[in-house]
Structures are given as structure tokens and as C-alpha cells.
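Under my numbering, the first residue of the sequence shown is numbered 1, with each subsequent residue one higher.
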Amino acid sequence: MALPDLMDLVMHDPRRLTCLRAVAGEPGEAMPGIESLWRKPVFSLTAGGQPTKDGKASLEDLIDRHRGIALIDGGSGPQPIDVPFTSLVVLTAEALPGAQELGRFLADRIEQRFRDVIDPDIGVTVHVEQSLHATAPVAVYLGHGVHAPPADNRLPHGEVVVRQDAETAIGQPIIGVNTPGGLYSGQARYAFSRSEMLTPAVHPDLPGGTIFFLGRYPVDASARDAGGLPLLTPLPQTPEARAQAIQVETLALPAGLNIDARFEILGVRPQLGRVSLGLVDVTLDRRPCRLQAQPPKGPHLAVVGLAIPENFGGRRMARYWVERSHGGRLMSSAMLAQRDSIVVQGRDARRYDRRELRYSRAGGEFRAESLSFDGRRRSLLMLEDGEFGYIGLPREQTPIAFGPDQSSRGYGTFDWLGEAVRVQFGSGVVERLDDLYDHNPAGFIAAASGGVAVQSAGDIWLLGGRKPQAAGTCIIPPNGPFVLGPLVVELREATP
Numbered sequence: 001m002a003l004p005d006l007m008d009l010v011m012h013d014p015r016r017l018t019c020l021r022a023v024a025g026e027p028g029e030a031m032p033g034i035e036s037l038w039r040k041p042v043f044s045l046t047a048g049g050q051p052t053k054d055g056k057a058s059l060e061d062l063i064d065r066h067r068g069i070a071l072i073d074g075g076s077g078p079q080p081i082d083v084p085f086t087s088l089v090v091l092t093a094e095a096l097p098g099a100q101e102l103g104r105f106l107a108d109r110i111e112q113r114f115r116d117v118i119d120p121d122i123g124v125t126v127h128v129e130q131s132l133h134a135t136a137p138v139a140v141y142l143g144h145g146v147h148a149p150p151a152d153n154r155l156p157h158g159e160v161v162v163r164q165d166a167e168t169a170i171g172q173p174i175i176g177v178n179t180p181g182g183l184y185s186g187q188a189r190y191a192f193s194r195s196e197m198l199t200p201a202v203h204p205d206l207p208g209g210t211i212f213f214l215g216r217y218p219v220d221a222s223a224r225d226a227g228g229l230p231l232l233t234p235l236p237q238t239p240e241a242r243a244q245a246i247q248v249e250t251l252a253l254p255a256g257l258n259i260d261a262r263f264e265i266l267g268v269r270p271q272l273g274r275v276s277l278g279l280v281d282v283t284l285d286r287r288p289c290r291l292q293a294q295p296p297k298g299p300h301l302a303v304v305g306l307a308i309p310e311n312f313g314g315r316r317m318a319r320y321w322v323e324r325s326h327g328g329r330l331m332s333s334a335m336l337a338q339r340d341s342i343v344v345q346g347r348d349a350r351r352y353d354r355r356e357l358r359y360s361r362a363g364g365e366f367r368a369e370s371l372s373f374d375g376r377r378r379s380l381l382m383l384e385d386g387e388f389g390y391i392g393l394p395r396e397q398t399p400i401a402f403g404p405d406q407s408s409r410g411y412g413t414f415d416w417l418g419e420a421v422r423v424q425f426g427s428g429v430v431e432r433l434d435d436l437y438d439h440n441p442a443g444f445i446a447a448a449s450g451g452v453a454v455q456s457a458g459d460i461w462l463l464g465g466r467k468p469q470a471a472g473t474c475i476i477p478p479n480g481p482f483v484l485g486p487l488v489v490e491l492r493e494a495t496p
């Protein structure tokens, strides 16, 4: 693993690596062979859609030469490390019957070549799709703002919508023929533009020549405001775009709309001066099951703790991390800014400050303990004051599951918990919490008169007695904590 010196970190400009585009072959030619793409110097970098003076390179060399910088703390203070970009989008001029095989081949090669320096939270994903506007047989994109849609066809939970004005929504940035560019589970950054000359995700009504970057760069300590929400940054790539002097302003959220951020794009037009060029709405999770930072109207659950099993399928948990964002809310989306982590090992819980890069003891903010749930032990992390967030209650009996959500309909699953909780096993392997659950429900819940109606399917438990009790079928009154899968929740604002 390469360790840059301090000057590398000071001189590093992550904006330069927002989205790199390289093309292989000449217009009208056949696409180079798979092995040639990986090992032979067939790719030419472009900037602003135009070829650069850099020589040709193989895909292996492109990934190796153009790396980002991240900060890690191995216990002796922050250290900058080189991190290769391992989420790639490949667009081809012709439809490929073996597109998925090509993606798997390239992902395997990247895994083998960069095995020791791959970010485990990102992994390796390669999305291959036909382009309807190709200028070369094949184009590859990598960088901070490139996120390949999942290979298992999971649908995005959130969305970015381009609007003409407050009343008129136009659509989302699209990759290739009709694949949404975001927002997917685990997606922390998102670059989009008007043209595939700049980014793989495009929308024709955006201003030309500018990349729009949603999120925060890994080593950017200046973008810590906005309540933890992602920021939208315009990055002009051409002289014409720079002449427009494009700016982005954050607007107040309109009442009654399920969006997390609204931005207005402003630019200079001849004889008109500075005018609005459109709006961009960001919804981190459009599902009813989402975690909310503020109490929603009507009956809802407050998340007051976690109940993590100490054993998963015979694998014993060593410790787990709980990531929090602004206001101490769980990191329910990778787009949110990290504030701190709670590291739990046995009855020991420590807080790790992401800004100061140091540990501190809990100090009465939370406590950790181990409890038996009918013979199976769980690690309970309970807040002494405050909440991790809020969940709107469904009006009808609804199954509650925690495994990855592969549907875009219905209430959804609580897989957002996987963004916040990572579990490490004795072998050293670290996994997202949602990946440790299947699609079987913990039980069924609904708002009911005077409480929350629950019907356990084996994983709803009542707290408050000497030991946890299986809930069965009952109505739980307000402010009575109960365990729902790996969550500890309380009902707030019961239905009269």
C-alpha cells in the first residue's frame, strides 16, 4: 500500500479526479478484445471531451496511475493512503450480448491486481452498457463521482431529479440506455452532466460543459456544514462553461415534499445577466421505511438503541461500528457526512471522532451491555438521551425485514441500517449489517389505537422486565421500548 507524504496530501486536488474518461478504438471500428482492454495500451484520456496529450494506457495502468487519497487511522494518528478507483462504468457503441460477462471479467482482474488496497466499503463493481451517443467503440469512466450500479440489479432507493422550475420536473440523469445514475445503496458521491463526453450519467437539460458533483470529497475538511447533507458543486470543464460562471445555491425545502435538498443552478446569459438554469432535487431514500432525521407527523417509532446478535450463522461477532451523521443520527445514507463512530466490543463502547481522528470514552451518552434473548445473546447499545432517528409507522400490517431491498414498491426494508452498522467477526472479515440478514420478516407492525400493533415472526421482543420477552401478538403502548430485529424502538404520538 502506497503511503503519500504530506506534500502529496497538500497538493492533492480531488476535483481533478471527479470523473476521468478514457476511450479505446476509432469511431466505426470494432471494440478491442477483452484482454486488450485490460493489458494493452489502447485507452486515451480525454478532458472536457477532447483528447489529452497523455500517451495511451491499458485499463490496468489507468487505475494504477490515477488514484485518490484517503485518510486512515491505525492507532498512531491519521495517515494518507493511495486508494484505487474500483467502481467503473463502461459504455460501448454496440450492444454486447456478453456485457455482464465483460463486467465480471474486468471486476475479477481489478480484484486480483489491487486486492490489498481495495476499500472494503466500495468493493469492485463494473457496469457495462450500450451508449446511444457513443463517439468511440468503448469508453470507461472512473473517479470520485463514478458509482457503478450494482451487478445484482438492485434498484436505487434515492433519486436526483432535474427540474425546469419548482412546478416542472424533467427527469433523472441516466446511464446508457435507461439505467438511473443514482442514488444506490452505498453510493457516497455522484457526478452527472449534460454529455457522456464528461460523465456516464447524463441529462440533456443540464448546462453544457459542466460536471455537477453531489457529495463530499474524501479528504475535503471544508465541506462539513449543510446539516450533514450532501453538497452540489459545479465543475466547469470547457471555456464556454467557465464563461457562464455557473453557481449553485441551496434553497429552502418546500413543505409537503419528500426531498432532502433542493439546489438552484445559476449562470450568466448574454444580455440577460445571471438567470436560473434549473433546479436539482435530491431524495436520499424515497421509500416509506426510510430513517428520518426529524420526527414525522403522525405515529412513528423513535430509534433509541441497537440489539445486534453476537452470533450470525455460527460466526461469532468480535465488535461492531455504528456510524453517525449530523445530530447523532444514524448514517442511513452513504451521502450523509460522517460525524463519529461508536465502536462496541463486549461491554466496552468508545466514540471515535471523525473530524479529530481520535477515540474517547462514552461519557454517559450511551451504554453497552449483553442480554440473553431466549438463550441467544445480543449486544445492546442504548442511548441515555436522544434518538438515532425516526421511522414512520405504516397504517396497515406490514412485514419488517432487514435484508437488502430489491424492490421499488411497497414499504421497503430497513436495509439502510447497513449504511450505519458494520460487524467484524473473529476472522477479521467486516460486513454490512443488512448483508447478514435475509428477506424473512422479523414480524409485522402497524399503527393502532393507543399503541403499535405487532405480530412477531420470531424477532420482536418486549423490554422493561427482568429479561426480554417474546412479543407474540399484542399492542405495545407509547414510550415502551421494544426490540424490532436489530433495532430498539419506542412508539411516539400514538393514534387516538
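We put the beta carbon where it would ideally sit given N, CA and C, even for glycine.
Predicted, not measured: the structure shown is a model, and the values here were computed from it.
Selection from the options that minimises the alpha carbon distance to residue i
i	options	result
PRO254	ASP165, PRO204, GLY228 and TYR184	ASP165
ARG417	ALA47, VAL268, GLY186 and GLY256	Checking the sequence shown, residue 417 turns out to be Leu, not Arg. With distances taken between Cα atoms, LEU417 lies closest to GLY186.
ARG466	THR46, ALA401, ASN178 and SER372	SER372
PRO486	HIS300, GLN112, ARG16 and GLY305	GLY305
ILE175	ARG154, ASP116 and HIS147	HIS147
VAL430	MET317, ALA188 and SER195	MET317
VAL280	ASN178, THR179, GLN338 and GLU159	GLU159
HIS127	ARG432, GLU240 and PRO149	PRO149
LEU232	GLU249, LEU214 and GLU323	LEU214
GLY28	ILE63, ASP64, PRO14 and GLU94	GLU94
ARG189	ARG432, PHE212 and GLY208	PHE212
GLU365	GLU356, ASP374, ARG355 and ARG351	ARG351
ALA261	LEU284, THR18 and GLY314	LEU284
ILE63	GLU310, ARG113, GLY48 and LEU91	ARG113
LEU183	SER332, PHE85 and SER360	SER332
Outcome for residue i when other beta-carbon atoms lying within 10 angstroms are tallied against a minimum of 16
i	result
ARG358	exposed
GLU542	This structure leaves residue 542 out entirely; the chain is present only between 1 and 496.
ARG395	exposed
LEU291	buried
PRO500	Here the chain covers residues 1 to 496 and nothing more, so residue 500 does not appear.
ARG242	exposed
VAL89	buried
VAL488	buried
GLU240	exposed
HIS133	exposed
ASP353	exposed
LEU257	exposed
PRO156	buried
THR524	Lying before the first or after the last residue shown, residue 524 is absent from the chain, which here runs from 1 to 496.
GLN501	Any question about residue 501 goes unanswered here, given that the chain covers just 1 to 496.
DSSP bridge partner residues for residue i (one or two, in chain order)
i	result
THR283	GLU159
ALA446	ALA453
ALA307	LEU380
ASP152	Answer is none; ASP152 lacks a bridge partner.
ALA139	VAL23 and LEU91
GLN247	LEU266
TRP321	VAL343 and ARG422
THR46	ARG21 and PRO51
CYS474	VAL454
VAL124	Per DSSP, none; premise fails for VAL124.
SER370	SER379
VAL83	GLY68
Cβ-based neighbour list, residue i, same chain, cut-off 7 Å, excluding 5 preceding and 5 following
i	result
LEU436	PHE312 and VAL423
GLN469	TRP461 and LEU462
PHE105	ILE34
TRP38	SER58, LEU59, GLU60, LEU106 and ARG109
ASP459	ALA442, GLY443 and GLY485
Same chain only: Cβ atoms within 6 Å of residue i, ignoring 5 sequence neighbours per side
i	result
GLY480	none
GLN50	none
SER222	Per-residue confidence for SER222 stands at a pLDDT of 49, beneath the threshold of 50, marking its modelled position as unreliable; the derived number appears in the next sentence. Cβ neighbours of SER222 beyond the five flanking positions: none.
PRO404	ASP415 and ASP434
GLN244	GLY267 and VAL268
TYR411	PRO288, CYS289, PRO394 and THR398
ALA307	ARG378, LEU380, VAL483, PRO486 and VAL488
ALA498	With the chain covering 1 to 496 only, the question about residue 498 has no answer from this structure.
GLY103	VAL126 and VAL128
LEU336	GLY228 and SER325
Beta-carbon contacts of residue i that lie in its chain and below 8 Å, excluding the five residues immediately before and after
i	result
ALA70	PRO80, ILE81, VAL83, ASP119, PRO218 and VAL219
MET1	At MET1, the pLDDT of 44 sits below 50, so the modelled position is not reliable; the number obtained from the coordinates is stated separately. Taken in chain order, the residues that qualify are ILE81, ASP82, ASP116 and VAL117.
GLN100	VAL128 and ALA151
Neighbour flag for residue i against chain B, beta carbons, 8 Å
i	result
LEU214	Of the protein chains in the structure, only one exists, and it is not chain B.
**Prompt:** Just checking, does the stretch 371-379 make contact with the stretch 265-277 on the three C-beta pairs under 8 Å criterion?
**Reply:** Contact between the stretch 371-379 and the stretch 265-277 is absent, because fewer than three Cβ pairs lie under 8 Å.
**Request:** Spell out a yes or no on whether the stretch 467-486 and the stretch 444-452 are touching, meaning 3 or more CB-CB pairs, one atom from each, closer than 8 Å.
**Result:** Yes, they touch.
**Prompt:** With a cut-off of 8 Å, do at least 3 Cβ pairs link the stretch 340-347 to the stretch 436-446?
**Reply:** Between the stretch 340-347 and the stretch 436-446 there are fewer than three C-beta pairs closer than 8 Å, too few to call the two in contact.
**Touching by the beta-carbon criterion (3+ pairs, under 8 Å), the stretch 13-22 and the stretch 130-140** = Contact between the stretch 13-22 and the stretch 130-140 is present: 3 or more CB-CB pairs across the two stretches fall below 8 Å.
**Asked** Three or more beta-carbon pairs under 8 Å between the stretch 285-302 and the stretch 321-332, yes or no?
**Response** Flag = yes, the stretch 285-302 and the stretch 321-332 touch.
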